[in-house]
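Numbering of the sequence shown is given in this note's numbering, commencing with residue 80 and proceeding in unit increments. Take a look at the structure set out below.
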Amino acid sequence: FALGVLSLLGSRVPASLKVFLTALAIIDDLGAVIIIAIFYTSGLSLAYLGAAFAVIAALVVLNRMRVMTLVPYLVLGIILWVLVLKSGVHATLAGVALALTIPLERSAGIGHDLDHSPLHRLEHGLHKIVAFVVIPIFGFANAGVSLAGLSFGALIEPLTLGVAAGLVVGKLVGVFGSSALAIRLGLADLPANAGWTHMIGISLLCGIGFTMSLFIGLLAFANDVALQDAVKVGILAGSFVAAILGAAVLLMAPAVGGAEESEE
């Protein structure tokens, strides 16, 4: 969703920011998956967990043997998903483990065309169905909130405000603050042709949260529909504000070639 807003701004946004946002979105989702695994796991089954690790070990062996056919990875991936689900750990971790074990490059005897590596073949095969079917269905199925009886008071409930503030203020402080610290310490550089105003804008856009925000919100209040609705309203409101503010800041940022594009 954030990338969609960024794309609407066209040439006003340096291409490097799109790369930055894409990489950040991946790390952000991985972080969310880890949080789910740590804080929303109930009752571990060591037997199933041990079996899951055995399957992961088998996947690693396939990788080290340079097995380039996707079928064995996918078969073991399904088995891994079932075992992780039965173990009590959130099953989303199975997808992360599977992705980490599928080869990214072709073997030396076949070539190094990354566009035809097993992982890239799987990515391209799943991209359209995930982007245009799975994610929209997830969003529509879980973001719905009944507006009947919704009052201004519901918008200023502490939980609603907290979720919205977390997306707008929290992401701004977290993304911009950590990026600025890394740059000042010499650990990273500003994205090419981007300045600090661009970084503020992109940090605000990171506050657009639907999939993982909804996922965690529904898990956190699994037994209270009223609180789930408050979370949904907070996510929708926070995402809307983050999108408007982020787009406005990026539109006001100096155009590519402007004075603020260099870091120092």
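Just so you know, even glycine gets a beta-carbon here, dropped at the ideal spot from N, CA and C. On a predicted model such as this, the values are computed, not experimentally measured, just so you know.
Exercise. Within the same chain, show all residues whose beta-carbon is closer than 7 angstroms to that of Asp108, passing over the 5 residues directly before and after it, in chain order.
Key: Answer for Asp108: Met291, listed in chain order.
Quiz prompt | Sufficient close CB pairs (3 or more, under 8 angstroms) joining the segment 264–281 to the segment 88–103 | solution = The segment 264–281, when compared against the segment 88–103, does touch it at the 8 angstroms Cβ threshold.
Self-check item: Buried versus exposed call for Ser180 [16 or more other C-beta atoms within 10 Å across all chains shown]
Solution: With the sequence shown as reference, residue 180 is identified as Thr, and Ser is not the correct amino acid for it. With 16 or more other Cβ atoms within 10 Å, it is buried.
Quiz item: Thr171 to Ile115, Cα distance in whole Å?
Solution: Straight-line Cα distance between these residues: approximately 9 angstroms.
Quiz item: Is Val304 helix, strand or coil by DSSP?
Solution: Val304 falls in the helix class under three-state DSSP.
Quiz item: Under a three-way DSSP split, which group does Pro197 fall into?
Solution: Three-state DSSP puts Pro197 in a helix.
Quiz item: How many angstroms separate the CA atom of Glu236 from the CA atom of Leu103?
Solution: Taking the straight line from one Cα to the other gives about 30 angstroms.
Exercise. Quick one: give me the first and last residue of the alpha helix (DSSP H) that Ile114 is part of.
Key: Segment 94–118, the alpha helix (DSSP H) holding Ile114.
Exercise. Rank Phe211, Leu198, Ser124 by C-alpha distance to the C-alpha of Leu164 and give the top, closest one.
Key: Checking every option, the nearest Cα to that of Leu164 belongs to Ser124.
Practice problem: Give a yes or no on contact between the segment 128–137 and the segment 304–315, applying the rule of three or more CB pairs nearer than 8 angstroms. | Solution: Flag = no, the segment 128–137 and the segment 304–315 do not touch.
Quiz prompt | Three-state class that DSSP yields for Pro237 in the structure shown | solution = Helix, per DSSP.
Quiz item: Leu128 to Ala137, Cα distance in whole Å?
Solution: Between Leu128 and Ala137, the C-alpha separation is close to 14 angstroms.
Self-check item: Extent of the continuous alpha helix (DSSP H) to which His277 belongs
Solution: Taken as a continuous stretch (DSSP letters only), the alpha helix (DSSP H) holding His277 covers 275–284.
Quiz item: At what residue ranges does the segment 138–169 contain a whole run of the alpha helix (DSSP H), taking only runs of 4 or more?
Solution: Entirely contained in the segment 138–169, the alpha helix (DSSP H) runs reaching 4 residues are, in chain order, 149–166.
Quiz item: Between which two residues does the alpha helix (DSSP H) containing Pro257 stretch?
Solution: Sequence check: residue 257 is Ser here, not Pro. From DSSP, the alpha helix (DSSP H) with Ser257 extends over 256–263.
Self-check item: Inter-residue Cα distance where the pair is Phe319 and Ile287
Solution: In a straight line, the C-alpha of Phe319 is about 7 angstroms away from that of Ile287.
Quiz item: Going straight from the alpha carbon of Lys250 to that of Ile314, what length do you get?
Solution: A direct Cα-to-Cα measurement between Lys250 and Ile314 gives close to 13 angstroms.
Quiz item: For Leu82 versus Thr101, is the C-beta spacing smaller than 8 angstroms?
Solution: Taking 8 angstroms as the cut-off, the beta carbon of Leu82 is found closer than this to the beta carbon of Thr101.
Quiz item: With burial defined as no fewer than 16 other Cβ atoms inside 10 Å of the residue's Cβ, what is the status of Thr239: buried or exposed?
Solution: The residue is buried, with at least 16 neighbouring Cβ atoms inside 10 Å.
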